[in-house]
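From first to last, the protein sequence lines are chains A and B.
For this note's numbering, add 54 to where a residue sits in the first sequence, where the first one is 1.
For this note's numbering, add 75 to where a residue sits in the second sequence, where the first one is 1.
Ideal Cβ positions, reconstructed from N, Cα and C, are used throughout, including at glycine.
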Amino acid sequence: GAGVSQTPSNKVTEKGKYVELRCDPISGHTALYWYRQSLGQGPEFLIYFQGTGAADDSGLPNDRFFAVRPEGSVSTLKIQRTERGDSAVYLCASSPGGWTEAFFGQGTRLTVV
Amino acid sequence: AQSVAQPEDQVNVAEGNPLTVKCTYSVSGNPYLFWYVQYPNRGLQFLLKYITGDNLVKGSYGFEAEFNKSQTSFHLKKPSALVSDSALYFCAVRDSNTGNQFYFGTGTSLTVIP
Numbered sequence: 055g056a057g058v059s060q061t062p063s064n065k066v067t068e069k070g071k072y073v074e075l076r077c078d079p080i081s082g083h084t085a086l087y088w089y090r091q092s093l094g095q096g097p098e099f100l101i102y103f104q105g106t107g108a109a110d111d112s113g114l115p116n117d118r119f120f121a122v123r124p125e126g127s128v129s130t131l132k133i134q135r136t137e138r139g140d141s142a143v144y145l146c147a148s149s150p151g152g153w154t155e156a157f158f159g160q161g162t163r164l165t166v167v
Numbered sequence: 076a077q078s079v080a081q082p083e084d085q086v087n088v089a090e091g092n093p094l095t096v097k098c099t100y101s102v103s104g105n106p107y108l109f110w111y112v113q114y115p116n117r118g119l120q121f122l123l124k125y126i127t128g129d130n131l132v133k134g135s136y137g138f139e140a141e142f143n144k145s146q147t148s149f150h151l152k153k154p155s156a157l158v159s160d161s162a163l164y165f166c167a168v169r170d171s172n173t174g175n176q177f178y179f180g181t182g183t184s185l186t187v188i189p
């Protein structure tokens, strides 16, 4: 079956602009995660959804970052007033819930110039 | 606080030799442990997990890992390395007390030398 799909795969934007990153999880997976990975680092937690609600958004770095999952499936990560320090690979993952593993998408490489 | 340590940034091993990639963790509750592999310009690919039961778990591509509660370790192993195993390996933990998120280590780059 299809895995986690993230679009776009690459995004270049100018400092100060607004961007949206999309994640299509595996069908039926109730849990969805967003992570950010900088070069040479491990993935850093941003936000976790269980169904439609953000169950844990403690990893969002500031109020420029926001994520939604209105119908409990597709999720969008939104970044306002982008800064060069936001440049990273943004990873989305989904899982069926419980203590099981999460399945990751290929990521969106965001470059802020 | 929850954390994962991968003490080696880089591991080199000759093809055909056994390999070990080290991981230690810190959690307040019960640990749920995972290994992922990342190839260049690719997402994280799940290898194996320890949730409960036998301390030795087997996963994809001949990899295995041993959960050691007293040493708070979960080292990844493979009896005979292949050149195609060269990649970046991440250890991750979930904490039964906090649940939701996966805490990742900084990764270990494995190079298998032909």
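query	result
Sequence-distant residues of the same chain with beta carbon closer than 7 Å to Pro38 (chain B), five excluded per side	Residue 38 (chain B) is absent from the model: chain B starts at 76 and stops at 189.
Under 8 Å from the C-beta of Leu119 (chain B): neighbouring residues of chain A	Pro97, Leu145, Ala147, Phe158
Arg90 (chain A), buried or exposed, once every other Cβ within 10 Å from all chains shown has been counted against 16	buried
Residues of the segment 170-182 of chain B whose Cβ lies closer than 9 Å to any Cβ of chain A, in chain order	Ser171, Thr173, Gly174, Asn175, Gln176, Phe177, Tyr178, Phe179, Gly180, Thr181, Gly182
Beta-carbon proximity of Tyr100 (chain B) to Val79 (chain B), cut-off 7 Å	yes
Option in A:Val166, A:Leu93, A:Glu155 with minimal Cα separation from Gly182 (chain B)	A:Leu93
Cα-Cα separation between Asp111 (chain A) and Ser127 (chain A), rounded to whole angstroms	17 Å
Sufficient close CB pairs (3 or more, under 8 Å) joining the segment 101-119 of chain B to the segment 115-133 of chain A	no
Distance between beta carbons of Phe165 (chain B) and Leu119 (chain B), contact taken as under 8 Å	7 Å
Nearest-angstrom Cα separation, counted from Val166 (chain A) out to Lys69 (chain A)	6 Å
For Ala147 (chain A) and Ala200 (chain A), the rounded distance between their alpha carbons	Look at the range of chain A in this structure, 55 to 167, and you will see that residue 200 (chain A) is not part of it.
Sheet register partners of Val73 (chain A) (DSSP bridge)	A:Ile133
Beta carbon proximity, Tyr107 (chain B) to chain A, threshold 7 Å	yes
Under 7 Å from the C-beta of Gly161 (chain A): neighbouring residues of chain B	Gly118
Residue from B:Pro115, B:Tyr114, B:Gln113, B:Tyr107 whose Cα sits closest to the Cα of Gly129 (chain B)	Residue 129 (chain B) is actually Asp in this sequence, not Gly. The option with the nearest alpha carbon to Asp129 (chain B) is B:Tyr107.
Own chain residues within Cβ distance below 8 Å of Val86 (chain B), not counting five before or after	Leu94, Thr95, Val96, Thr183, Ser184, Leu185, Thr186
Own chain residues within Cβ distance below 7 Å of Ile126 (chain B), not counting five before or after	Tyr107
Residues within the segment 124-140 of chain B neighbouring chain A, beta-carbon criterion of under 8 Å	Lys124, Ile126
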